[in-house]
Amino acid sequence: MRINKYIAASGIASRRKADEMIAAGRVRVNGAVMTSPGCDIQPGDVVMVDGKPLPAAEKTCWYALNKPAGCVTTLSDDKGRPTVMQFLADVEVRVYPVGRLDYDTSGLLLLTNDGDMASRIADPKQKIKKTYMARIGGRLTKEHLAELRNGIEIELPVKNAESGAVRKYKTKPAEVNVIEENASQSLVEITISEGKNRQVRRMFAAAGHRVLQLERTAIGNIRLGRTRPGTCRRLTDAEIEGLKKLLI
1 MRINKYIAAS GIASRRKADE MIAAGRVRVN GAVMTSPGCD IQPGDVVMVD GKPLPAAEKT
61 CWYALNKPAG CVTTLSDDKG RPTVMQFLAD VEVRVYPVGR LDYDTSGLLL LTNDGDMASR
121 IADPKQKIKK TYMARIGGRL TKEHLAELRN GIEIELPVKN AESGAVRKYK TKPAEVNVIE
181 ENASQSLVEI TISEGKNRQV RRMFAAAGHR VLQLERTAIG NIRLGRTRPG TCRRLTDAEI
241 EGLKKLLI
């Protein structure tokens, strides 16, 4: 296994970060400083980063969690809110969330110990499709449905700016289908290929509709299926290979 991949598999850094560590001379193999990410690690080799032995690389694992609403997608929370980690008691390896789901959004969340692939999947440049089921107030007009499908202007918070500052952004075209509707509310399936802050909620808000409930049902080829809320399942080899094929 190449040394940068070995470091990423240990769970301490992504492959890109591992390359930086190697270039900086922070990595030693059997006592010798390594400066090339192409070095292969053999069984029995001792790898050290910043003078500390690296944990043995864990077998790559991927899980699909059905995240309930009312918890945050972090390892811990300074506000004392529940986190997704409480649902991973039966997972024997260290895994981390791939991207995030809002506190009040439920559904599919991927977790893994493959830091390199996780970083690539979370990269907006990959344009991996994500599908949601949204229950919204009222009915979508034909005009608003067309806007959502073709791109709708939303407001996004400006980073590192004064509180309340926003910028305009036109979303990429989305796949939108009304599943059911009545005078008071509608169930809408929406698939987007980007992931701006609270994007689906902002899109419906721009069309004049409040999201009452939001669930993510798919990420690329991975579907939530019958996974019960608060439980997770291990991805199959075929599902992992399908994810890899989506990466550019």
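Taking the numbering used here, the leading residue of the sequence shown gets 1, the next gets one more, and so forth. Built from N, CA and C at the ideal position, the CB exists for glycine as well.
Rounded C-beta distance between residue i and residue j? I'm assuming under 8 Å.
i	j	result
Pro309	Glu20	Coverage of the chain is limited to positions 1 through 248, which leaves residue 309 absent and any answer about it impossible.
Thr191	Glu181	So it is not a contact: roughly 18 Å between Cβ atoms.
Ser106	Ala165	Not quite, the Cβ-Cβ distance comes to about 30 Å (not below 8 Å), so this is no contact.
Val211	Ile136	5 Å
Gly138	Gln185	7 Å
Gly25	Thr35	6 Å
Asn113	Gly11	5 Å
Using alpha carbons as the reference points, say which of the options lies closest to residue i.
i	options	result
Lys245	Met133, Lys170, Ile12, Arg120	Arg120
Arg100	Val93, Leu109, Glu92, Val178	Leu109
Thr141	Asp104, Lys172, Ala183	Ala183
Thr217	Met1, Gly11, Glu162, Met133	Met133
Gln86	Leu212, Gly31, Asn66	Asn66
Pro37	Pro53, Arg2, Lys52, Ser10	Arg2
Gly115	Val98, His209, Thr131, Tyr103	Val98
Asn280	Ser163, Ser10, Leu54	With the chain covering only 1 through 248, there is no way to say anything about residue 280.
Leu247	Val84, Gly25, Lys127	Lys127
Gly208	Asn177, Leu243, Lys170, His144	His144
Val158	Ala89, Asn197, Leu243	Asn197
Met203	Val46, Pro173, Gly242, Tyr96	Pro173
Ala23	Ala8, Ser10, Asn4, Gly11	Asn4
Lys170	Glu147, Ile179, Arg233, Asn160	Glu147
According to DSSP, which residues form a beta bridge with residue i?
i	result
Val188	Ala134, Val178
Ala89	Partner(s): none; Ala89 has no beta bridge.
Glu215	Ser106, Met133
Glu22	The sequence shown places Ile at residue 22, not Glu. The partner list for Ile22 (beta bridge, DSSP) is empty, contrary to what the question assumes.
Thr83	Val72
Tyr96	Thr112
Val46	Beta-bridge pairing links Val46 to no other residue.
Val29	Ala32, Val47
Glu155	Lys168
Asp40	Arg2
query: Does the segment 227-240 touch the segment 146-155, meaning 3 or more C-beta pairs lie closer than 8 Å?
result: no
message: Count Cβ pairs between the segment 59-70 and the segment 220-230 that sit closer than 8 Å; are there 3 or more?
response: yes
query: At a cut of 8 Å, does the segment 80-95 reach the segment 25-45 through at least three beta carbon pairs?
result: no
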